[in-house]
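Each remark here refers to the structure printed beneath this line.
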Amino acid sequence: MARQSTSADPTSAAKKPKKTRWYHQLWQAYKITQRYDPRTGWFIVAIVVGVTALSVVIGWLITGQYWQGAMLGLSLGLIGAMFLLARRVEVAAYSQIAGQPGATYSALTTMRRGWTFGQEPVAIDPRTQDMVFRGVGRPGVVLISEGPPHRAVRLLEAERKRCARVVGGAPVHLVQMGDDEGQVPLRRLTRYLSKQLKPVLTRQEVAAVDKRLMSLGAARLPVPKGLDPMKVRPDRKGLRGR
4 MARQSTSADP TSAAKKPKKT RWYHQLWQAY KITQRYDPRT GWFIVAIVVG VTALSVVIGW
64 LITGQYWQGA MLGLSLGLIG AMFLLARRVE VAAYSQIAGQ PGATYSALTT MRRGWTFGQE
124 PVAIDPRTQD MVFRGVGRPG VVLISEGPPH RAVRLLEAER KRCARVVGGA PVHLVQMGDD
184 EGQVPLRRLT RYLSKQLKPV LTRQEVAAVD KRLMSLGAAR LPVPKGLDPM KVRPDRKGLR
244 GR
């Protein structure tokens, strides 16, 4: 009996998707920011050239050799350019979803671990599309509204009363997302939650509160996808230093 070949046919094998290289992601990030602000390229060049030139002068004055300063300056210039690009990516990403219903949730997906946010809004005004999103973390329950202040305050207060019936003594924080006075801009929302709300609950208490809130349900409304459809993530350390 003829022995059958067990070798796999390379033409029939499924091709594995290629991994995106870091320089491809960098180029995608640059294209995103370039569409948002065509001056981005000039800013990057100015940072690299300016820092390098300054380091050359300093190196020449201190050691009498320019090449050491040039190497150090080029490295620092590239770091500065990456820092600038990370910030520009954040601004461009937020500008793409600003004003869309559900933009709050898209911003909240960039939060670090420790928070749980429902994808669907927990309250919505069908006529104006004002809505409220809910999150649970160690600081307690946070209700975040989308809409003008005079309408958002009523929606937030109604939802606060609903939550208060089931969360016991857990604190309930009210936050208005928007660009009006007293509101938190979309691009500063995650930083505000991280800096302004202090932990008061244990992890076990957070889980218990979250379980109780699940019984309240949520309103259904499609929300825009993540901040960066190109899967380009800004530098979180750089963004926190802002």
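Those letters in the sequence shown? Residues 4 to 245, by my numbering.
We put the beta carbon where it would ideally sit given N, CA and C, even for glycine.
- Bridge pairing for Glu149: Met134 and Met180 [DSSP].
- The stretch 164-171 and the stretch 99-119 do not touch, with fewer than 3 CB-CB distances between them shorter than 8 Å.
- Excluding its 5 nearest sequence neighbours in each direction, Gly150 has C-beta neighbours in its own chain below 6 Å: Asp133, listed in chain order.
- Separation of the CB atoms of Val125 and Tyr39 is rounded to 32 Å, and the pair is thereby denied contact status at 8 Å.
- Counting C-beta atoms within 10 angstroms of its own C-beta, Val139 has 16 or more neighbours from the protein chains shown and is therefore classed as buried.
- Secondary structure note for Thr205: it is in no alpha helix (DSSP H), with a DSSP letter that is neither H nor E.
- Under the rule that a run must span 4 or more residues, the alpha helix (DSSP H) segments found entirely inside the stretch 44-124 read 69-100 and 106-111.
- Less than 9 Å divides the Cβ of Leu200 from the Cβ of Val145.
- Judged by DSSP secondary structure, Gln199 falls within the alpha helix (DSSP H) whose first and last residues are Leu192 to Gln199.
- Here Ala84 is near Ile47, since their CB atoms are less than 9 Å apart.
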